[in-house]
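Chemist: Mind having a look at this structure? Questions to follow.
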Amino acid sequence: MSKNFLKPADATAIVKKSIKKRRAKDSRLKLYGRFAIGLATCFLLFLFYTIFEKGTPGFFQYYVTLDVNFDKERIDPKGDLSDNSLFSGDASKIVNEALFILIEPKGRKEKKEAKKIISSGKDVRIAKMVKQNPNLFGTITKVKFALDDDIDSFLRGYIKRETPENERRVNDNVIKFIDKLNAEGRISYDFSDYILSGSASGNPEMAGIKGAFVGSILTLFVCLLIAFPLGVATAIYLEEIAQKNKITEFIEVNINNLAAVPSVVFGIMGLAIFIGIFGMPRSIPLVGGMVLALMTLPTIIISSRAAIRAVPPSVRDAALGIGASKLQTIFHHVIPLAMPGMLTGTIIGMAQALGETAPLLMIGMVAFIVDVPNSVVDPGTVLPVQIFMWADFAERMFVQKTSAAIMVLLTFLISMNAFAIYLRKKLERRW
Amino acid sequence: MFNLYLLLGIILVSLLFYFFGVNKAKKLNLQNNKLHSLKHYYGFFALLYSLLPSLGVYFIVTIGDDILFANMIKSYIPTDIINSKDFNFTIALAQINNSVDGLIFGTPPAWVTNAANIWKSWIIKSHIITSILCIVTSLISGYLGHSKINHNFRSRNAVEKIVISLLAISSIIAILTTVGIIFSVAFESIRFFALIPIDEFLFGTVWNPQFEGAERAGSGQEGLSQYGSLPLFAGTFLISFIALCVSVPIGLYSAVYLSEYASKKERAFFKPLLEILAGVPTVVYGFFAALTVAPFLRNSGSLIGLDIASESAMAAGLVMGVMIIPFISSLSDDVINAVPQSLRDAGYGLGSTKSETILQIVIPAALPGVVASIILAVSRAIGETMIVVMAAGLAANLTGNPLEAVTTVTAQIVTILVGDQEFESAKTLSAFALALTLIIITLGLNFFALNVVKKYREQYE
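Heads up: the sequence lines are chains A and B, in that order.
Remember, this note's numbering sits 1 above the position in the first sequence when you count from 1.
Remember, this note's numbering sits 623 above the position in the second sequence when you count from 1.
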């Protein structure tokens, strides 16, 4: 025996000496793993907490309640309740008068300052109210008006009383008025009328997500209409019909490459081809949906193929055995069985499309559009782009509205993903 | 634009032919009981025969008419304007189109209004012609299909042939998209490289694009435009590097824990939880980076006397790192899970502890997959747009300091192409050249990752 070999007793001694260290190493690795997961979870929680904390106030805003004298002659001078007549009327003045009764401003300067307390959408609100209910004419009714965003920020405490007057966006006179209104219990903090039903606006207190939301739905609708049939058809062709040859291999390489192309590049393609060559207009949900459809196509194809592959060959053999044709086998047996998997993939693809921003910026969905789009060829914007635009604005209130819009977006994304998971759990069969 | 009613009309006509087809089949069936296929196949045959040609006509005409009009309108632009030296057809076309859409700014020249009116009359004519053409096509081809039906006709085979070719055509869309991407980027890039030499673009160290309009206005900026993309790529890689510093350790340790230590329940809970990180829209991360992380970094930096830019590479990189954690953790987790149990058992059998087995046996066996997942994460980070647009800023600094503001390729593409662009200017074209390089890099990384897996994958069993 050479002395290079250890005696069993010595070996045991060495192992015993080092075992503690080795076990410590083992538990350290486990700890690192736990720590890593904990860190990632913390990031996630912190992200959601920040958005939630900033976003919840975005759903609320400050209002002032005024006794408005619905004088028919002045609000609706032509007496036909048409837009033209209502906007040529004196609605703003009447609201201002109602405000002046409460706070009694003295002189032109104070009156001018007092007028700015209420958001500029007051005449639109009066017009809307009398249109819905013409019986209001001749009455004196309590109406709630949104406050201007600076006043709102002041009431929330972002603009501090202690700041010297020339550095603050709300001056001493206005603060005096606000205190007066507050003392009379006229100011309330309520769920915002504008955040869900308003559209893009330069006035943060009147900005809302309705236009962007409708735009998102329209875009997603176009995207689904194009991507789902194309994706499923491609998956069926590649999995069930095509022979393995150079052409199908080339198609597969292309699909994999498309999955890796950065999303902004799809936007450039949309800009160059759909808008440049085909001459489609900018900013419309139709083009947005087409671009997103091409972007989500790889996701849908890949998951649909996996779903088709999971259907056992015995199902096909049985169908073919009793005389079904190849296509009958596919359409009557394979597709219905693969459908849950295909739908799951499609929903995940749609969720991806719903959150996508960069390609839509390229095709001009970033334009400032006040009207809610009525069809897929009306100019519009989408939620993520709206978030991007709002994030750029300086007003404090937009930060909260942005977070509120993010909360709406995340709610939709999470429910779509949850639905996908539910669908998979509920309908998927294991063979 | 698209005529929805016409589309519905075409579909309606084809549905009519479906019923005609079924009826004819029924009659034939009554005459001599021996039809080859089921009745509805005859209906489908007539439907497809009517629908497909007219749809083809519909799409060709709706897409083609603008291109045709653009060529036809040339003869309505006065020759003296065409011959003037600063004439640009694209701009003239845009003027006319704006006028057609009712977007009239100031008083356009008389020839623009004139051409716009002619264009409008063409639109009306083309609507009428398209409608007639589509409906007539659908009627004629539907009738042809209908008349093909007789008792010797094997309609199921015919329908299946058509359906299979439709499926094949839709699979070609993937190729068409790739071709579209390459063409849309390549053409403009070639034009860009005709203006700016390619070596100046690739190796220049100053990125300072100016609109030619500003140059022409004589603001003293003539010839100041510089298109050296090095600072952009440096910024891109700096941010990606910071992102990887965050995501690689967290992602890998998570993957190891999830696949080797975690119980089934823990795994089922934490894996989807980490994947949520990848599902959060990037614009949300951008907002988070710009409004929470960047001010936090700036404040904590000023506490210890560091001057951190309010739009720093650090903020964008950190947040991007969080975003790509799941790309690494999920993929690596799958790969580690795929390592056969026998390898682990062999390790335990030799007396190694769990961590020794993982670090010396499992990870080396899974290494190609792990490397591939990291490369894919890199390609993701390079192509990421919204976080950098919102948090990293637009200052093209050539710096390795993560506390300064940098810009990236994607951020520049977005700023150049969003909003109004000047036609044919080197600045607009430069975005396409940037996109081309971006595509080459990401596809190259992707290809590399796939090859790493293919080449070094151990075949077990």
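Glycine residues also receive a C-beta, built at the ideal position from the N, C-alpha and C atoms.
(1) Whether or not the region 264-272 of chain A and the region 785-796 of chain B are in contact is what I'm after, with contact meaning three or more pairs of Cβ atoms, one per stretch, closer than 8 Å; do they touch?
(2) Closer than 6 Å by C-beta to A:V316: which residues in its own chain qualify, once you throw out the five before and the five after it? Chain order, please.
(3) Which runs of the alpha helix (DSSP H) at least 4 residues long sit entirely within the region 153-183 of chain A? Give them in chain order.
(4) Tell me whether A:C43 is buried or exposed, calling it buried when 16 or more other Cβ atoms sit within 10 Å of its Cβ.
(5) Which residues of chain A have a Cβ atom closer than 7 Å to the Cβ of B:A1058, listed in chain order?
(6) Would B:D956 pass as an interface residue toward chain A - the criterion being a Cβ-Cβ separation below 8 Å?
(7) Drop a sphere of 10 angstroms on the beta-carbon of A:V371, count the other beta-carbons inside from all chains shown, and report buried for 16 or more, exposed for fewer.
(8) When burial is assigned at 16 or more other CB atoms within 10 Å of the CB, is B:S637 buried or exposed?
(9) Is it buried or exposed for A:N136, if we count other Cβ within 10 angstroms and need 16 for buried?
(10) Out of A:F399, A:V367, A:L338, which has the shortest C-alpha to C-alpha gap to A:R430?
(11) Inspect the beta-carbon positions of B:V645 and B:H663 and report whether they are closer than 8 Å.
(12) Mapping DSSP to helix, strand and coil, what is A:S383?
(13) Report the residue ranges of all alpha helix (DSSP H) runs contained in full by the region 209-293 of chain A; include only those spanning at least 4 residues, in chain order.
(14) If you draw a straight line from the alpha carbon of B:Y971 to that of A:A12, how long is it in whole angstroms?
(15) Looking at the unbroken beta strand (DSSP E) that takes in A:N190, where does it start and where does it end?
(16) Determine, for B:P732, whether the minimum Cβ-Cβ distance to residues of chain A falls below 8 Å.
(17) Comparing C-alpha positions only, which one of B:V723, B:Y641, B:W734, B:V1029 sits nearest to B:L586?
(18) Could you check the C-alpha separation between B:I752 and B:V759 for me, to the nearest Å?
(19) Check whether chain A comes within 8 Å of B:Y628, counting only Cβ atoms and requiring the distance to be less than that.
(20) Using 8 Å as the limit for Cβ to Cβ distance, is B:S933 near chain A?
(21) Can you give, in chain order, each stretch of the alpha helix (DSSP H) that sits fully within the region 932-973 of chain B and has at least 4 residues?
(22) Exposed or buried, which one is B:F919 when buried takes at least 16 other CB atoms within 10 Å?
(23) State yes or no: is the C-beta of A:A405 within less than 8 Å of the C-beta of A:G39?
(24) Do you know how far the Cα of B:V962 is from the Cα of B:G874?
(25) Can you check whether the CB of B:A885 is closer than 8 Å to the CB of B:P949?
(26) Kindly indicate the opening and closing residues of the alpha helix (DSSP H) around A:D68.
(27) Could you check if B:T828 is buried or exposed, using at least 16 other CB atoms within 10 Å of its CB as the buried criterion?
(28) Pairing CB atoms from the region 886-898 of chain B with CB atoms from the region 1031-1041 of chain B, are three or more of them under 8 Å?
(29) Against A:D27, what residues of chain B qualify as contacts under a CB-to-CB distance less than 7 Å, listed in chain order?
(30) Quick check: is the beta carbon of A:L414 nearer than 8 Å to any beta carbon in chain B?
(31) To the nearest angstrom, how far is it from the Cα of B:P701 to the Cα of B:A817?
(32) Where are the alpha helix (DSSP H) runs, 4 residues long or more, that stay fully inside the region 894-938 of chain B, in chain order?
(33) Under the three-state reduction of DSSP, which class applies to A:K145: helix, strand or coil?
(34) For my contact list, A:A128 and A:A92 are in at a C-beta cut-off of 8 Å; report their separation, rounded to the angstrom.
(35) Does the CB of A:K245 have a neighbour CB from chain B at under 8 Å?
(36) For B:N1020, collect the residues of the same chain with a Cβ closer than 8 Å to its Cβ; drop the 5 residues on either side in sequence, then sort them by chain order.
Modeler: Here's the rundown:
(1) no
(2) In the first sequence, counting from the first residue as 1, residue 316 of chain A sits at position 315. Only H334 meet the Cβ criterion.
(3) none
(4) Here residue 43 of chain A refers to the residue found at position 42 when the first sequence is read from its first residue. Exposed: under 16 other Cβ atoms inside 10 Å.
(5) For the purposes of this step, residue 1058 of chain B is taken as the residue at position 435 of the second sequence. Within chain A, the residues near B:A1058 are V266, I269.
(6) Here the question's residue 956 of chain B lines up with position 333 in the second sequence. No, because no Cβ of chain A sits closer than 8 Å to the Cβ of B:D956.
(7) Locating residue 371 of chain A in the first sequence gives position 370, where the first residue counts as 1. With fewer than 16 Cβ atoms within 10 Å of its Cβ, A:V371 is classed as exposed.
(8) Mapped onto the second sequence, residue 637 of chain B falls at position 14. That one is buried.
(9) Sequence index remark: in the first sequence, residue 136 of chain A carries index 135 (1-based). By the 10 Å Cβ count, A:N136 comes out exposed.
(10) Taking the first residue of the first sequence as position 1, residue 430 of chain A is located at position 429. Among A:F399, A:V367, A:L338, the Cα nearest to that of A:R430 is on A:L338.
(11) Walking along the second sequence from the start, residue 645 of chain B turns up at place 22. Walking along the second sequence from the start, residue 663 of chain B turns up at place 40. For B:V645 and B:H663, yes; Cβs fall inside 8 Å.
(12) Along the first sequence, one-based indexing puts residue 383 of chain A at 382. A quick correction: the sequence has Val, not Ser, at residue 383 of chain A. Coil, per DSSP.
(13) 211-237, 247-261, 264-270
(14) Indexing the second sequence from 1 puts residue 971 of chain B at position 348. Indexing the first sequence from 1 puts residue 12 of chain A at position 11. Answer to the nearest angstrom: the Cα atoms are 17 Å apart.
(15) If you number the first sequence from 1, residue 190 of chain A lands on position 189. Checking the sequence, you will find Tyr at residue 190 of chain A rather than Asn. Element bounds for A:Y190: 188-192.
(16) To locate residue 732 of chain B, count along the second sequence from 1; it is residue 109. Cβ-Cβ to chain A under 8 Å: no for B:P732.
(17) Residue coverage of chain B in this structure runs from 624 to 1084, which leaves residue 586 of chain B outside it and unanswerable.
(18) As a position in the second sequence, residue 752 of chain B is number 129, starting the count at 1. As a position in the second sequence, residue 759 of chain B is number 136, starting the count at 1. Looking at the two C-alpha atoms, the distance is approximately 10 Å.
(19) Counting from 1 along the second sequence, the entry for residue 628 of chain B is found at position 5. No, B:Y628 does not count as interfacial toward chain A.
(20) Working through the second sequence from its first residue, we reach residue 933 of chain B at position 310. Not one chain A Cβ lies under 8 Å of B:S933.
(21) 936-961, 964-972
(22) Working through the second sequence from its first residue, we reach residue 919 of chain B at position 296. B:F919 comes out exposed.
(23) Reading the first sequence from its first residue, position 404 is the one you call residue 405 of chain A. Reading the first sequence from its first residue, position 38 is the one you call residue 39 of chain A. No, Cβ-Cβ distance for A:A405 and A:G39 is not below 8 Å.
(24) Mapped onto the second sequence, residue 874 of chain B falls at position 251. Mapped onto the second sequence, residue 962 of chain B falls at position 339. About 18 Å.
(25) Taking the first residue of the second sequence as 1, we reach residue 949 of chain B at position 326. Taking the first residue of the second sequence as 1, we reach residue 885 of chain B at position 262. In this structure, B:A885 does not lie closer than 8 Å to B:P949 by Cβ.
(26) Locating residue 68 of chain A in the first sequence gives position 67, where the first residue counts as 1. Looking at the DSSP string, A:D68 is not in any alpha helix (DSSP H); the run it does join, the beta strand (DSSP E), is 61-70.
(27) The residue labelled residue 828 of chain B in the question sits at position 205 within the second sequence. That one is exposed.
(28) no
(29) Counting from 1 along the first sequence, the entry for residue 27 of chain A is found at position 26. The contacting residues are T976, K977, S978.
(30) Position 413 of the first sequence, counted from the start, is the residue given in the question as residue 414 of chain A. Yes, because at least one Cβ of chain B sits closer than 8 Å to the Cβ of A:L414.
(31) To locate residue 701 of chain B, count along the second sequence from 1; it is residue 78. To locate residue 817 of chain B, count along the second sequence from 1; it is residue 194. Near 30 Å, if we compare the C-alpha coordinates of B:A817 and B:P701.
(32) 905-911, 917-926
(33) Within the first sequence, numbered from 1, the residue matching residue 145 of chain A stands at position 144. Strand, per DSSP.
(34) In the first sequence, counting from the first residue as 1, residue 128 of chain A sits at position 127. In the first sequence, counting from the first residue as 1, residue 92 of chain A sits at position 91. 6 Å between Cβ atoms; contact.
(35) Against the first sequence, residue 245 of chain A aligns to sequence position 244. Not closer than 8 Å to any Cβ of chain B, the Cβ of A:K245 fails to qualify, so no.
(36) The residue you call residue 1020 of chain B lines up with position 397 of the second sequence. P854, G858, E1027, A1028, V1029, T1030.
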